[in-house]
Amino acid sequence: MFKLLSFFYFFLNDNVWARSIKATADRLGSEAQSIGLSIAIFGLVIAGIMLALGKQDAGNKITSAFFGCLVIVMSTSIVSFVKGVA
């Protein structure tokens, strides 16, 4: 577990501090999106392994992981749509 967390810390971190609060929030959002996408792809790999092993619920896990990846990739579009509606 420590190796996984150190991977996220050393390879995926970025300077998230900016000159304004809005810019800081945007940088934190982009960082959260990259970490979320890496975890979602890891979930797809685990679901693929379950499918290869012949588990009964592997199809449901792959579908859930795929929709999770889709939501994370489209998160910026979803946020801009909600901001446009409000």
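Going from the sequence shown to this note's numbering is simple: count from 1 and add 257. By construction, the Cβ of each residue, glycine as well, lies at the ideal position given by its N, Cα and C atoms.
For the set ALA289, GLY316 and ILE296, the Cα lying nearest the Cα of GLY305 is the one of GLY316. In the three-state DSSP reduction, LYS312 falls in the coil class, being neither helix nor strand.
A Cβ-Cβ distance of about 6 Å is found for the pair LEU301 and CYS326, placing them in contact under the 8 Å criterion. Assignment of SER277 by DSSP, reduced to helix, strand and coil, places it in the coil class. Counting other Cβ atoms within 10 Å of its Cβ, ILE278 stays below 16 and is therefore classed as exposed.
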